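Notes for the one structure printed next.
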Amino acid sequence: MDGGETMKKIRLLIPLFIGLVAVTAYLAFARSSEEPVNVEEVNEANEDVGYFPGCDDGEKVIPLGDGFLGGEAYLQNGDEEIYLNSETDSSAITVKEAKEILKSRQAESDNQ
284 MDGGETMKKI RLLIPLFIGL VAVTAYLAFA RSSEEPVNVE EVNEANEDVG
334 YFPGCDDGEK VIPLGDGFLG GEAYLQNGDE EIYLNSETDS SAITVKEAKE
384 ILKSRQAESD NQ
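Numbering (this note's numbering), first residue to last: 284 to 395.
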């Protein structure tokens with residue numbers, strides 16, 4: 284093997300080595316720039332999620348079969364669109380009442 288062939292191989296390996304170093308440095312930098320996760324905050328956030336996340340207990344929802352509809356919406360009933368407004372609909376109940384209904388349904392299904 285002469286010196287010319289060795290130099291060719293080295294020249295081919297240099298870009299590969301530079302690329303490997305660049306990728307490794309990028310991955311290390313990406314990991315270090317992430318904010319550390321506060322486990323207590325994550326647990327608190329998970330506890331708050333349940334039925335109607337982000338809704339006050341006094342807000343109104345409309346019971347629809349297996350679920351509830353909040354706010355304003357259009358429902359499709361065959362070819363007819365039905366406009367629903369949870370604040371003015373006479374069948375609307377509060378989020379607090381809806382939570383109690385869902386909790387009792389969950390308890391019933393857990394007992395079966």
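Using N, Cα and C, we set each Cβ at its ideal position, and we do this for glycine too. It should be emphasised that the depicted structure is a prediction, and the values quoted were computed from it without experimental measurement.
Which of the three DSSP states is assigned to residue i in this structure?
i	result
residue 371	coil
residue 383	helix
residue 335	coil
residue 353	strand
residue 364	strand
residue 329	With a pLDDT of 47 at residue 329, under the threshold of 50, the modelled position of that residue is not reliable, and the figure given next carries that caveat. Helix.
Drop a sphere of 10 angstroms on the beta-carbon of residue i, count the other beta-carbons inside from all chains shown, and report buried for 16 or more, exposed for fewer.
i	result
residue 343	buried
residue 390	exposed
residue 345	buried
residue 378	buried
residue 234	As displayed, the chain neither begins before 284 nor continues past 395, which places residue 234 out of reach and without an answer.
residue 375	buried
Assuming residue i contacts residue j under a Cβ cut-off of 8 angstroms, what Cβ separation, rounded to an integer in Å, is found between them?
i	j	result
residue 352	residue 369	7 angstroms
residue 385	residue 309	About 47 angstroms; that fails the 8 angstroms criterion.
residue 347	residue 355	With 8 angstroms as the limit, residue 347 and residue 355 do not qualify as a contact, their Cβ atoms being about 14 angstroms apart.
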